[in-house]
Amino acid sequence: MAGGAGYVTVIGLEVHAQLLTRTKMFCRCPAAFGEEPNTMVCPVCLGLPGALPSVNREAVSMAVRLGLALGCVIERESAFARKNYFYPDAPRNYQISMYDRPLCTGGSLVFEDEGTEVNVRLERIHLEDDAGKLLHGRGGHSLIDFNRCGVPLAEIVTRPEIHSPRQASLFLRRLRQMLRYLEICDGNLEEGSMRVDVNVSLRRTGDDALGTRTEIKNLNSFKAVEAGLEVEIKRQRDELESGGTIVQVTSLWDAREKKLVTMRSKERAHDYRYFPEPDLPLLIIGEGWIEEERAKIPELPLDRERRFRREYGLPAYDAGVLTAESDIADYYEETANLTGEPKTSANWVMRDVLRELKSTGGDIGGFPAGPAALAGLIDLVKGGVVSNSAGADVFAAMIESGESAADAVKRLGLECISEVNELEEIVDRVLESKPDEVERYHRGKKQLMKFFVGQVMKESGGKADPLIVSGILRRKLGE
Ligand SMILES: [Zn+2]
Numbered sequence: 262m263a264g265g266a267g268y269v270t271v272i273g274l275e276v277h278a279q280l281l282t283r284t285k286m287f288c289r290c291p292a293a294f295g296e297e298p299n300t301m302v303c304p305v306c307l308g309l310p311g312a313l314p315s316v317n318r319e320a321v322s323m324a325v326r327l328g329l330a331l332g333c334v335i336e337r338e339s340a341f342a343r344k345n346y347f348y349p350d351a352p353r354n355y356q357i358s359m360y361d362r363p364l365c366t367g368g369s370l371v372f373e374d375e376g377t378e379v380n381v382r383l384e385r386i387h388l389e390d391d392a393g394k395l396l397h398g399r400g401g402h403s404l405i406d407f408n409r410c411g412v413p414l415a416e417i418v419t420r421p422e423i424h425s426p427r428q429a430s431l432f433l434r435r436l437r438q439m440l441r442y443l444e445i446c447d448g449n450l451e452e453g454s455m456r457v458d459v460n461v462s463l464r465r466t467g468d469d470a471l472g473t474r475t476e477i478k479n480l481n482s483f484k485a486v487e488a489g490l491e492v493e494i495k496r497q498r499d500e501l502e503s504g505g506t507i508v509q510v511t512s513l514w515d516a517r518e519k520k521l522v523t524m525r526s527k528e529r530a531h532d533y534r535y536f537p538e539p540d541l542p543l544l545i546i547g548e549g550w551i552e553e554e555r556a557k558i559p560e561l562p563l564d565r566e567r568r569f570r571r572e573y574g575l576p577a578y579d580a581g582v583l584t585a586e587s588d589i590a591d592y593y594e595e596t597a598n599l600t601g602e603p604k605t606s607a608n609w610v611m612r613d614v615l616r617e618l619k620s621t622g623g624d625i626g627g628f629p630a631g632p633a634a635l636a637g638l639i640d641l642v643k644g645g646v647v648s649n650s651a652g653a654d655v656f657a658a659m660i661e662s663g664e665s666a667a668d669a670v671k672r673l674g675l676e677c678i679s680e681v682n683e684l685e686e687i688v689d690r691v692l693e694s695k696p697d698e699v700e701r702y703h704r705g706k707k708q709l710m711k712f713f714v715g716q717v718m719k720e721s722g723g724k725a726d727p728l729i730v731s732g733i734l735r736r737k738l739g740e
């Protein structure tokens, strides 16, 4: 385990996921991004005196779905609480969150770490609203955009059961995948729709007591999470080994300088003077509502990955790649079912489709060659109409023009020349035009076979099958 000799690393995560609701958590303002600053606001999300919040049902539904997918207990009664603090981006001077009665408790998330299954238990999931956004340095001023104020967040808190920076990153990748499968958060770390705070401490091996933990914020990529943790773990170990003590602090990760900047000493829960939110009643969730949400949960990533291995006989690697995003998995399944060739289909999707998406930055929804088109091409290659290498050109043409595989093959004239008569004529022509090479071949220079195959391939415009060609050549050259 990371942390070096003599220490066990103990990491806990707090993840804020912006929920993809149409409106905000406690008012009807649109929860939209990229709008003119301070246009998506109302007295409730601006915290004006006397404005009363009401709970967004859609946000609760999404959090319940997440809780069910992660195996949490959905609490039949939960309560909102005020978390008091002053900051310019929080106009009410408190955040409406949940404290001692969260919506979901328990649960866990499973991921694989170098072939070993790791199960990290969760503490809780609760709902709260987001703060506004501070824009610093505009003409020497700091400006505030309140559009984000009140956007619903689900906060997912793990138990301190993660034992290396790599595991932290793997956990987060799996969680992001779950959020995207459930279509409740787009999981964009760079843009802040999924935000991660980590806490880390070192415990001496064999010691039961946890060490003092520190917190890192501002980790806006999986890489940053790993790098920030590596730096902090090393710092703590050096401190402990030189006989020092760890002070409870919160740091910010500076991705450019690759270092931690101490922000403040960490607040404790009692600093926030939590108390029950008097403007909202208890959140009561009946069995019917829970069953309604359960019915909306799609097949989850790990289940789908395992089914792909079982049903299509795919290697673990392929199954993992193909189920990373649910729409890619849908695309693959449709293709495989149409062709009846699961492994060949997997190769085409992983190699050609994903490479194309990566290079264009597009998504599969707008991909010009749908599953039926790709299946058509795979059928042509399988049937020997197109050679494997010409297949790649046909695919490129299909994406370019949006035409079917058969049309692209005809337009480009890429049908395989498998008519032996036609090939024999080409072979004869080539041999006649190269008498010197033929003579040298007969005197023992057998490497010239490659040259002849190349000449025939060139003559055929790349449409011949090299295996058939060398067979004909051997026969004609008297072997
Ligand atoms: Zn509002």
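So for the sequence shown, my numbering puts the first residue at 262; every next one is plus one.
Glycine included, C-beta positions come from ideal geometry on N, C-alpha and C.
Say yes only if the C-beta of residue i is nearer than 7 angstroms to one or more non-hydrogen atoms of ligand 1, and no if none qualify.
i	result
Cys365	no
Val655	no
Val271	no
Cys446	no
Lys394	no
Val305	yes
Val610	no
Gly411	yes
Val522	no
Lys671	no
Cys288	yes
Val418	no
Val302	yes
Lys285	yes
So which of the options has the shortest CA-CA distance to residue i?
i	options	result
Leu463	His703, Glu661, Tyr268, Pro696	Tyr268
Ala651	Val691, Lys671, Glu491	Lys671
Glu297	Gln438, Phe628, Asp406	Asp406
Val325	Ala312, Gln509, Leu388	Leu388
Arg690	Leu583, Lys737, Ile551, Glu553	Lys737
Asp468	Ile417, Pro349, Thr270	Thr270
Lys694	Asn460, Ser369, Phe712	The residue asked about is misnamed: residue 694 is Ser in this sequence, not Lys. Among Asn460, Ser369, Phe712, the Cα nearest to that of Ser694 belongs to Phe712.
Ser369	Asp350, Val459, Leu327	Leu327
Asn598	Cys446, Leu675, Ile639, Pro352	Ile639
Phe294	Gly448, Pro537, Val412, Met659	Val412
Asn682	Gly637, Thr621, Ser662, Val730	Val730
Gln438	Ala658, Ser587, Gln428, Leu709	Ser587
Val510	Leu543, Thr475, Lys484, Pro542	Thr475
Met611	Asn481, Tyr593, Thr600, Asp624	Tyr593
Met323	Ser526, Lys719, Glu553, Glu422	Glu553
Asp361	Leu543, Val302, Arg496	Leu543
Since I believe residue j is in contact with residue i (beta carbons under 8 angstroms), could you give me their beta-carbon distance rounded to a whole number of angstroms?
i	j	result
Leu281	Arg555	Incorrect: roughly 19 angstroms between the Cβ atoms, too far for contact.
Ile507	Glu493	Not confirmed; about 10 angstroms, so no contact.
Cys365	Cys333	4 angstroms
Asn299	Asn408	7 angstroms
Glu487	Pro426	4 angstroms
Thr584	Arg565	5 angstroms
His744	Leu383	Outside the modelled stretch of the chain, which goes from 262 to 740, sits residue 744, for which no answer is possible.
Asn317	Lys344	Not quite, the Cβ-Cβ distance comes to about 18 angstroms (not below 8 angstroms), so this is no contact.
Ile733	Glu685	6 angstroms
Val418	Arg385	5 angstroms
Leu635	Ile625	With 8 angstroms as the limit, Leu635 and Ile625 do not qualify as a contact, their Cβ atoms being about 11 angstroms apart.
Pro421	Gly273	4 angstroms
Met659	Ala666	6 angstroms
Ser430	Glu451	Not really, about 15 angstroms apart at Cβ, beyond 8 angstroms.
Gln279	Cys446	6 angstroms
Does at least one heavy atom of ligand 3 sit under 7 angstroms from the Cβ of residue i?
i	result
Val316	Absent from the structure shown: ligand 3. Ligands present: ligand 1.
**Request:** Check whether the region 366–386 touches the region 394–404, counting contact only when three or more Cβ pairs, one atom from each stretch, lie closer than 8 angstroms.
**Result:** As far as the Cβ criterion goes, the region 366–386 does not touch the region 394–404, which means the pair count is below three.
**Contained beta strand (DSSP E) runs [length at least 3] in the region 457–500, N- to C-terminal order** = Complete beta strand (DSSP E) runs here, min 3: 475–480.
**Prompt:** Within the chosen definition, does the region 544–561 reach the region 505–520 through at least 3 CB pairs nearer than 8 angstroms?
**Reply:** In this structure the region 544–561 does not touch the region 505–520; the number of beta carbon pairs closer than 8 angstroms is below three.
**Message:** My parser needs the beta strand (DSSP E) runs of 3 or more residues fully inside the region 577–607; what are they?
**Reply:** List check, beta strand (DSSP E) in window: nothing returned.
**Message:** Using a Cβ distance threshold of 8 angstroms, determine whether the region 556–572 contacts the region 434–446, with at least three qualifying pairs required.
**Reply:** The region 556–572 makes contact with the region 434–446: 3 or more CB pairs, one atom from each, lie closer than 8 angstroms.
**Asked** Do three or more CB pairs link the region 640–655 to the region 722–737 at distances below 8 angstroms?
**Response** In short, these stretches touch, since the Cβ pair count reaches three.
**Message:** Which complete alpha helix (DSSP H) runs does the region 398–454 hold, if anything under 4 residues is left out?
**Reply:** The region 398–454 is shown to contain whole alpha helix (DSSP H) runs of 4 or more residues at 426–442, in chain order.
**Asked** Taking contact to mean at least 3 C-beta pairs separated by less than 8 angstroms, is the region 691–700 in contact with the region 660–675?
**Response** Verdict: no, contact absent.
**Prompt:** Any chance the region 429–439 sits against the region 307–322, with 3 or more Cβ pairs inside 8 angstroms?
**Reply:** With a cut-off of 8 angstroms, the region 307–322 and the region 429–439 do not count as touching, because too few Cβ pairs lie within range.
**Prompt:** Where in the region 631–663 do unbroken runs of the beta strand (DSSP E), each at least 3 residues long, occur, reported from the N-terminal end onward?
**Reply:** You should have found no qualifying run.
**Message:** If contact is defined by three or more beta carbon pairs under 8 angstroms, each pair taking one atom from either stretch, is the region 568–587 in contact with the region 602–612?
**Reply:** Contact holds between the region 602–612 and the region 568–587, because three or more Cβ pairs, one in each stretch, are under 8 angstroms apart.
**Message:** Assess contact between the region 524–542 and the region 346–363, defined as three or more Cβ pairs (one per stretch) separated by less than 8 angstroms. Is contact present?
**Reply:** Verdict: yes, contact present.
**Asked** Curious, which full-length beta strand (DSSP E) runs of at least 3 residues does the region 694–737 contain?
**Response** Complete beta strand (DSSP E) runs here, min 3: none at all.
**Prompt:** Could you give the uninterrupted runs of the beta strand (DSSP E) lying entirely in the region 336–377, keeping only those of 3 residues or more?
**Reply:** Within the region 336–377, the complete beta strand (DSSP E) runs of at least 3 residues are 341–345, 355–359, 369–374.
**Request:** Could you name each continuous beta strand (DSSP E) segment of 3 residues or more that falls completely within the region 502–574, going from the start of the chain to the end?
**Result:** Counting only runs of 3 or more, we get 510–515, 520–526.
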